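Engineer:
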Ligand code: HEM
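Numbering (the numbering used here), first residue to last: 193 to 666.
1. By the three-class DSSP mapping on this structure, what secondary structure does residue 535 have?
2. Which residue spans inside the segment 441-520 form an unbroken alpha helix (DSSP H) run of at least 4?
3. Where residue 638 and residue 629 are concerned, what is the direct C-alpha to C-alpha distance, given to the nearest angstrom?
4. By a C-beta neighbour count over all protein chains shown, 10 Å radius and 16 as the cutoff for buried, is residue 597 buried or exposed?
5. So, are the CB atoms of residue 412 and residue 370 less than 8 Å apart?
6. How about residue 463: is its Cβ closer than 7 Å to a heavy atom in ligand 1?
7. Measure the alpha-carbon distance for residue 492 versus residue 482 and round it to whole angstroms.
8. So is the beta-carbon of residue 551 under 7 Å away from any non-hydrogen atom of ligand 1?
9. What is the C-beta distance between residue 292 and residue 551, in whole angstroms, given that I count them as a contact (C-beta under 8 Å)?
10. Quick check on residue 629 - is its C-beta less than 8 Å from some C-beta in chain D?
11. Does the beta-carbon of residue 448 have 16 or more other beta-carbons within 10 angstroms, so that it is buried, or is it exposed?
12. Skipping 5 residues on each side, what residues in its chain have a beta carbon closer than 7 Å to that of residue 308?
13. Excluding five sequence neighbours on each side, which residues of the same chain lie with their C-beta closer than 7 Å to the C-beta of residue 341?
14. Ordered along the chain, which non-local residues of its own chain (more than five positions away) have a Cβ less than 6 Å from that of residue 475?
15. Between the alpha carbons of residue 647 and residue 590, how many angstroms are there, rounded?
16. Starting from residue 237, trace the beta strand (DSSP E) both ways and give me its first and last residue.
17. If we ignore side chains and look at the alpha-carbon of each, how far apart do residue 330 and residue 345 end up?
18. What separation, rounded to the nearest whole angstrom, lies between the Cα atoms of residue 470 and residue 422?
19. Per DSSP, residue 638 is paired with what?
20. Got a sec? Which residues, its chain only, sit under 8 Å from residue 389 by beta carbon, not counting five neighbours each side?
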């Protein structure tokens, strides 16, 4: 990223320019954030006018560790608002979107306390067998010499893993089907047509979203009912949540359970699929690093799936994942709503203003990460950024609760794929980004599957991937 022509304290963008910027931001945020940073520095803003009240609210974009700290360490001032549209009062959509991600204050603290035990180290380690089993099934279905869309494969795998650990105790196929319905709900809820056109009339995308939410809710209610009626006390997360009690002995209500499970599922699967896919692309572009990584994997694992107690030996694998999550974080920005008047940098923000912090922009600041667009896992041998300078999983009291789970899944799955197959990008492939809550490859990730013969070659892609990563000439 080139050094910006900083104009800190620039007045907010307004009028048509603000409107087009907001629209471009929702469809492809990285170029917008980048040009705002280049023109205006670490903090900038645009005004959003409510067409009915004509009242203006500021949307502030703040970049870098200091602003991240201010925003993320004050959850009572900068409150969460959730990622999908709110939906009508009392609707199934509103219930299923209401999980940890959109809760605040005491309710957030109480519910987080109930959900956290699902992600304690021992429990997460217990999910290792499911990850190994489902990854092995996927790899058994691949054939040497074929072309595959690795993004599709990683989504299917992450969906199966999330369904299995969340509610797959007894009926994995039922779990998978519900997972697919939730996935569809999330993608409908985040589509631009729904975001900008929330009209509850027959035939509109918004109405379809609300109808779909009713079906999702009905299926999840049936699963909860099943667990209660049959006294199922399985190891899947839903069973554990049904029986969980906070320190006052209070259990979750059924509506809370529905929201939490749905949101956990949504937060879990696309993020993992995105991280796996981008890491496999980056490795395909860096043959030397790939060869060193394979040496490490074979030295410790001898071709087998890793056991949990072996993971700590895989130091290069850990650096590769860390670097991939820095360079292409699956979540590129997150937002907060201002709940009481506050000053952030040069801006005085009224209640109701919005603040955007960006994992991607922070991770690409050259003053924090020299040559930020370079994939360099070894930079982690000599750098230890603050929690607000490296935050692929967010930070502060709302930091991602799935962090340990994801790191376990990424390490196991990558170790298994890379030891068994060599993946090379299809010549001439176009890799453009697509933004929809997570960052994914717009046209998929077409790769050739070879047996692992160490014949690493590099096929440089076309497309706007080159704006994010330095991959050499193309
Ligand atoms: C590579 C994988 C993942 C990435 C990159 C990721 C990223 C993030 C980020 C950036 C946040 C903070 C968002 C904000 O500040 O508004 C977050 C929060 C959250 N994540 Fe993840 N996540 C991942 C995997 C998971 C998994 C596997 C789960 C659960 C099974 C999960 C559940 C959550 C929840 C519930 C929150 C909200 C926490 C709260 O507000 O208290 N995530 N995640």
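Just so you know, even glycine gets a beta-carbon here, dropped at the ideal spot from N, CA and C. Small disclaimer: the values here were computed from a predicted structure and weren't measured.
Structural biologist: Reading it off the structure:
1. strand
2. For the segment 441-520, whole alpha helix (DSSP H) runs of length 4 or above, ordered along the chain, are 446-476, 479-493 and 507-519.
3. Approximately 22 Å, taken between the alpha carbons.
4. buried
5. Yes, the pair counts as a contact, with Cβ atoms nearer than the cut-off.
6. yes
7. 16 Å
8. yes
9. Between residue 551 and residue 292 the Cβ distance is about 18 Å, and since that is not below 8 Å, they are no contact.
10. You won't find chain D in this structure, because it holds only one protein chain.
11. With 16 or more Cβ atoms within 10 Å of its Cβ, residue 448 is classed as buried.
12. 593
13. 636, 637 and 638
14. In chain order, 482 place their CB closer than 6 Å to the CB of residue 475, counting only its own chain and leaving out the 5 sequence neighbours on each side.
15. 44 Å
16. 235-241
17. 8 Å
18. 42 Å
19. 341
20. 396, 397 and 398
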